[in-house]
Each structure stands twice: as C-alpha cells, then as structure tokens.
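If you're matching them up, the sequences are chains A and B in order.
Sequential numbering of the first sequence, starting at 239, is according to the numbering used here.
Sequential numbering of the second sequence, starting at 239, is according to the numbering used here.
In this text, a Cβ means the ideal position worked out from N, Cα and C, and glycines have one as well.
Note that the structure is predicted; figures quoted are calculated from it, not measured.
Everything on this sheet refers to the single structure shown next.
2 protein chains.
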Amino acid sequence: MNLATQNGVATFDLHAYLEARTKQVNGFFEQWMASRSEGVLAQAIRHLLLPGGKRFRPVLAIAAAEAVGGRAEQALPIAAAVELIHTYSLIHDDLPCMDDDDERRGQPTVHVAYGEAIAVLAGDALQAMAFEVLTRRHEDVSIEALLATAHDLARAAGDLNLVGGQADDILFGADDVDAARLESVHRRKTAALIAVAIVGGARLAGADVLTLQRLQRFGECMGLAFQIADDLLDETSEEVCSSVRVLGVAAARARCEELLAQAFDEIAELGECGAALRALAEFAVRRER
Amino acid sequence: MNLATQNGVATFDLHAYLEARTKQVNGFFEQWMASRSEGVLAQAIRHLLLPGGKRFRPVLAIAAAEAVGGRAEQALPIAAAVELIHTYSLIHDDLPCMDDDDERRGQPTVHVAYGEAIAVLAGDALQAMAFEVLTRRHEDVSIEALLATAHDLARAAGDLNLVGGQADDILFGADDVDAARLESVHRRKTAALIAVAIVGGARLAGADVLTLQRLQRFGECMGLAFQIADDLLDETSEEVCSSVRVLGVAAARARCEELLAQAFDEIAELGECGAALRALAEFAVRRER
Numbered sequence: 239m240n241l242a243t244q245n246g247v248a249t250f251d252l253h254a255y256l257e258a259r260t261k262q263v264n265g266f267f268e269q270w271m272a273s274r275s276e277g278v279l280a281q282a283i284r285h286l287l288l289p290g291g292k293r294f295r296p297v298l299a300i301a302a303a304e305a306v307g308g309r310a311e312q313a314l315p316i317a318a319a320v321e322l323i324h325t326y327s328l329i330h331d332d333l334p335c336m337d338d339d340d341e342r343r344g345q346p347t348v349h350v351a352y353g354e355a356i357a358v359l360a361g362d363a364l365q366a367m368a369f370e371v372l373t374r375r376h377e378d379v380s381i382e383a384l385l386a387t388a389h390d391l392a393r394a395a396g397d398l399n400l401v402g403g404q405a406d407d408i409l410f411g412a413d414d415v416d417a418a419r420l421e422s423v424h425r426r427k428t429a430a431l432i433a434v435a436i437v438g439g440a441r442l443a444g445a446d447v448l449t450l451q452r453l454q455r456f457g458e459c460m461g462l463a464f465q466i467a468d469d470l471l472d473e474t475s476e477e478v479c480s481s482v483r484v485l486g487v488a489a490a491r492a493r494c495e496e497l498l499a500q501a502f503d504e505i506a507e508l509g510e511c512g513a514a515l516r517a518l519a520e521f522a523v524r525r526e527r
Numbered sequence: 239m240n241l242a243t244q245n246g247v248a249t250f251d252l253h254a255y256l257e258a259r260t261k262q263v264n265g266f267f268e269q270w271m272a273s274r275s276e277g278v279l280a281q282a283i284r285h286l287l288l289p290g291g292k293r294f295r296p297v298l299a300i301a302a303a304e305a306v307g308g309r310a311e312q313a314l315p316i317a318a319a320v321e322l323i324h325t326y327s328l329i330h331d332d333l334p335c336m337d338d339d340d341e342r343r344g345q346p347t348v349h350v351a352y353g354e355a356i357a358v359l360a361g362d363a364l365q366a367m368a369f370e371v372l373t374r375r376h377e378d379v380s381i382e383a384l385l386a387t388a389h390d391l392a393r394a395a396g397d398l399n400l401v402g403g404q405a406d407d408i409l410f411g412a413d414d415v416d417a418a419r420l421e422s423v424h425r426r427k428t429a430a431l432i433a434v435a436i437v438g439g440a441r442l443a444g445a446d447v448l449t450l451q452r453l454q455r456f457g458e459c460m461g462l463a464f465q466i467a468d469d470l471l472d473e474t475s476e477e478v479c480s481s482v483r484v485l486g487v488a489a490a491r492a493r494c495e496e497l498l499a500q501a502f503d504e505i506a507e508l509g510e511c512g513a514a515l516r517a518l519a520e521f522a523v524r525r526e527r
C-alpha cells in the first residue's frame, strides 16, 4: 500500500504508485520486444509502444489485481495485452484514411515515419501480439481465467466495442449524435477496453464473480468519465462524438462527476483495498493530460 | 470416409467431401454473423466473409480433426478463426497503400465498396473476431487445447509469421530475394496459417503430441507447396516473392512436387485416416484455381 501522510491523514501516494507500476509495465515491454527481430516492421511496432504513454490501462489492470489480494505479475498478461490493443488502435486511427494525424506524443506518427503500408501492418501485428501475450501459459494464473480474459478482450477489441465504436464515430454526421448515441460510442470505443483491463486484472488474480461484476460496472463508469474528461481537455474540438460539442461544457462536467461518484459506489465494498483504483479513477477524471 | 470407386479401386471422393465441409463452414459463419448488427461495419465484414472462397483452410482443420478420430464440430473454432484471419489479411492486402486491388473473387474489394477507413476497420474487427470465436468455451474441447491453439494462432498471425512475411514481401526489392528468402517469406506468409489450421484442428480433437508434430511438418510442407502452386498459376507475375520469378517454372514445379511428397511422408503413419488430408494436399498443389 502506497500511503503518504498529509495533514496527519493517510492518503494514497498515487505519484509513487504510478511511477513504480509504469516502470514495471515498461520493463515487461522492453523484455518482450527484445526477443523480436530488428527489421523495419519491428521498428515500426516499437515506435509508439516502447516510449509509451501514461500506461494508464495496464496500471489499472495491476491495481485491480492488487485490490483483490493478487500480485502485479498475475495481471501482466492482460495489462500488456490491453496496452498492445490500445497502441494498435492509435496507429490505425492516425492513418491518412482515418484521422490523418502527423504527430502523436510529440513524435511523427507511425505512417509518417514508416509509410502507410507498414503502419497498417504494425497495427495488425500489435493486435495479434496482444492475444499472443494473453494466451501464454503462466504459472500463477489459471488457464480458465486466461481463456475467459482473452475472450473478453476479443469482444472488447472487435466490432461489438472498440472497432464498432470507431466505425460509428467515423460514420455519424453531426446531426446524428445525441447524448444517448454519444454515450454508446464512448462505451464501446473507450470504456469497454478500460473495463476489460480492470476485470481481467482481477480475474487473473482469482477474484470471485461478484467482485468481477462490481469491477465491470466500476470500469464502465470510469471509462465513460475518462472519455468525457478527455473531451473537456480538448474543449474546442469539433469532433462529432465530443462530449463538449454534444452536451456543452457544464453538462459534460456534471456527467463526468456523476460517473465518478457512481464508480466509487460500485467498489465501496473493497474498502482500503480499493484505494489505488479510486485514486486512478480520480486521476483519470481530474488530470490535465 | 468418403470413398468412391474408380476402376475398382477405392479412392477418396474429394469433391463430395469439399462440398459437405464447405457447407458446414458456411453455415457456421451465417449463424455467427446473424447475431451481429446490421450497420455499415457489419456489412463490410460480411462482404468478403459470407460469399467466401474455397474455405480451404477451414476444411483442412476439419480434415485434421477427423484424421485423428475427432469430429468436425470440435475443429470449428480454429476452422472459423483461421478463415477470419485469412479474410482480414485479404482485405488489408487489397488496400490502396498495399496491393491496391479493386476486385477480388469477381467483386469489388471492401475498400472500393465501403471506403478505406471502413476497410481498415473491417479487417481489424475480423482479426478480433477470430480470437473471439476461438476463446469461447466449447463443451467438446478442453480449455488447455483452446488456449494453446489461440496462442499458436496469435503467433501464426502476427509479426513472427503472417504480418512479418507480408512486411518482407513489401520491403524486399527484386535483387534481395533468393530461394532461401523466398521460402522464408512463404513459410511465414502462407504456410504458418495453414499449419495452424491443421495442428489446431487435431489439437482441439485431442490428438497426442507426436501426431501434432507430424501434422505441423505436414502443414508446413503443404503450405509451401500451396504457395508455389499459386505462383505457378500466375506464371507471368512480376511479384518480388513469386516462385516463378525467383526459381523459374521448372525448378518451382520440381520443388512443389518435392514438398508434396515430403508432406505425404510426414503423415504416412495416419494410413487410411489421412486420406482426406492427402487428397486436400494434392488438390492444393494440382488445382487450377
């Protein structure tokens, strides 16, 4: 437990927690990629994966495992797999035929650096790699839990969720999107993958069904709040599925806080064990990028 | 056993076998897709998947399951998964930034019919769907076998094989490719997926390790022969990794026959039970499209 003392009250030290867990995730990817080839495709795969972002989803998976009494190592298969899926989706989203972005995290996007064909392939390879990581035998995790988590990830990543939400995002015109459709896109495009990180982390650590159901609802609320917070940070965005465009700033803020409160409620029973998850949810919603 | 009598000798009736098994695979996909939405993405997913091609890979998976004493139903998860991966790879290969093909199987390609962004997403969704199908619990199959097969498929589909071979195919110049590199590309781009169909089908049906090893080698030889046969059917192709361009027609034909003979050797021990696999291998190599 990372507890720091503030005004005599024990508070969760999120900064230290994030630093330690991010390092663990980065270490995993460094080691994982060290066994791969050195060719152009491998370079394109490493381009966005190895510098990495906040590693928010993998850290959530680890926090969920720890919240149910498990260890970080047990969550690594789903932590890594979700990040690999997230990374592939960013590469494909950036393509000229999609959002046509030249830069991400201050670097040229993969298709700018390696060409479109290799960017498509790097994304394709990262998706396969997610399932490769997640279906390896792992001495501390039951094969039932691995198979169920791989199934959940496949559903979260495919047409039912991530890809389906992205397709709607592309296909909807500005007049098509009301609050309900907005939430449906966000639920599939953002919340489903966050929820599978959390539920998967807990499942690999041996959590019971009731706890998994609570964490599923926690993850969905948090994922939706995360997306609204993202939209609020990019207030002037004219994107069709921006919460600010559809709801306005005030209503988006209110919905975000409502979802965060609901998320907290869902895991109230975890008590002190839920400290990291609560701190991460709050960070996701109140962060400034 | 589909046996027909030709000049008094019992021969395997491949035509009847292919028809029955293809129907079974098509039925599976019809039913599977019936539960999905009716939106544009789902239409794009159905576009190439539902008319389908020869269903050669799924039929191989089923034949392998039957060769080891199992039933077709046990092989369906990997049969379907391999076809989903194959279909996604065709959609992405056809993209303007890759081979830029307008037609496939006499129809407009997915990006011509639905636009590039939806074609990228349809391919992405099909890959996820492959792992969704393969990681479902299945009463007649052990979870160990499902997990191991999902892992094999992930390795066959990713940077180590399918995607890696495709990347080399794009990156190599004409002067880079000798016989060894040609075979390396074909092994990863074509043979690995065919081998995983065969080994997976047998594994889900409960085959022992020794049999799986034999079937792995059978699949690799057959997959390589299949690719050379494909190149021979498109003799004038100037593609960098065409067997005809690199080896010449005579040497390509000889290598193809050599691989077929080796494939037969690998499964000699299966005896009569290997009749469908042998007939399919022969068909793959001697077919006229």
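Legend entry - CB contact below 8 Å: A:ILE432 versus chain B: no
Legend entry - Other residues of its chain near B:ALA501: CB distance less than 7 Å, five sequence neighbours each side excluded: PHE456, CYS459, MET460, ALA463, ALA519
Legend entry - Unbroken stretches of the alpha helix (DSSP H), 4 residues or longer, contained in the segment 468-500 of chain B: 481-485
Inset, instruction - Report yes if the C-beta distance between B:HIS330 and B:LEU431 is below 8 Å; otherwise report no. - result: no
Legend entry - Selection of the segment 415-430 of chain B by Cβ proximity to chain A, strictly under 8 Å: none
Inset, instruction - List the residues of chain A that B:ASP332 touches, going by C-beta distances under 8 Å, in chain order. - result: Here the premise fails: no neighbours, minimum Cβ distance about 11 Å.
Legend entry - Under 7 Å from the C-beta of A:ILE356: neighbouring residues of chain B: ALA405
Inset, instruction - Report the three-state DSSP secondary structure of B:ARG342 (helix, strand or coil). - result: strand
Inset, instruction - Spell out a yes or no on whether the segment 401-414 of chain A and the segment 355-368 of chain B are touching, meaning 3 or more CB-CB pairs, one atom from each, closer than 8 Å. - result: yes
Inset, instruction - Output yes if chain A places a C-beta closer than 8 Å to the C-beta of B:ARG393; else output no. - result: yes
Inset, instruction - Please decide whether B:GLY344 counts as near chain A, where near means a Cβ-Cβ distance under 8 Å. - result: no
Legend entry - Contact with chain C by A:GLY438, beta-carbon distance below 8 Å: Structure shown: chain C not included; protein chains present are A and B.
Legend entry - A:THR373: contacting residues in chain B (beta-carbon distance under 7 Å): LEU385, ALA388, HIS389, ALA392
Legend entry - Whole-number beta carbon distance between A:ALA392 and A:ARG441, since they are thought to touch under 8 Å: Wrong, their Cβ atoms sit about 14 Å apart, outside the cutoff.
Legend entry - CB contact check: A:GLN312 to chain B, cutoff 8 Å: no
Inset, instruction - In the DSSP assignment, find the unbroken alpha helix (DSSP H) run with A:ARG284 in it and report its ends. - result: 278-287
Inset, instruction - Work out the CA separation of B:LEU256 and B:ARG524 for me, nearest whole Å. - result: 15 Å
Legend entry - Chain-ordered residues of the segment 272-292 of chain B with a beta carbon less than 9 Å from chain A: ARG274, SER275, GLY277, VAL278, LEU279, ALA280, ALA282, ILE283
Legend entry - Residue nearest to B:SER380 in terms of C-alpha spacing, selected from B:GLY438, B:LEU453, B:GLU510: B:GLY438
Legend entry - Contact list for A:ILE381 against chain B, beta-carbon separation under 8 Å: ILE381, GLU382, LEU385
Legend entry - Where B:ASN264 falls: helix, strand or coil (DSSP): helix
Inset, instruction - For my contact list, B:LEU364 and B:LEU420 are in at a C-beta cut-off of 8 Å; report their separation, rounded to the angstrom. - result: In fact, because the Cβ distance is near 28 Å, the residues do not count as touching under 8 Å.
Legend entry - Beta-carbon proximity list for A:ARG259, same chain, < 6 Å, skipping 5 on both sides: VAL297, ILE300
Legend entry - For A:GLN390, the three-state DSSP class (helix, strand or coil): Note on residue identity: the sequence assigns Asp, not Gln, to residue 390 of chain A. Helix at A:ASP390.
Inset, instruction - Report buried or exposed for B:GLN404, applying the criterion of at least 16 other Cβ atoms within 10 angstroms of its Cβ. - result: buried
Legend entry - Per-residue burial, B:THR347 [other beta carbons within 10 Å of its own, 16 or more giving buried]: buried
Legend entry - Host alpha helix (DSSP H) of A:PHE369 (start-end): 354-372
Legend entry - Residue environment, B:HIS253, which counts as buried when at least 16 other CB atoms sit within 10 Å: exposed
Legend entry - Given 8 Å, three or more beta-carbon pairs between the segment 280-298 of chain A and the segment 481-495 of chain A: no
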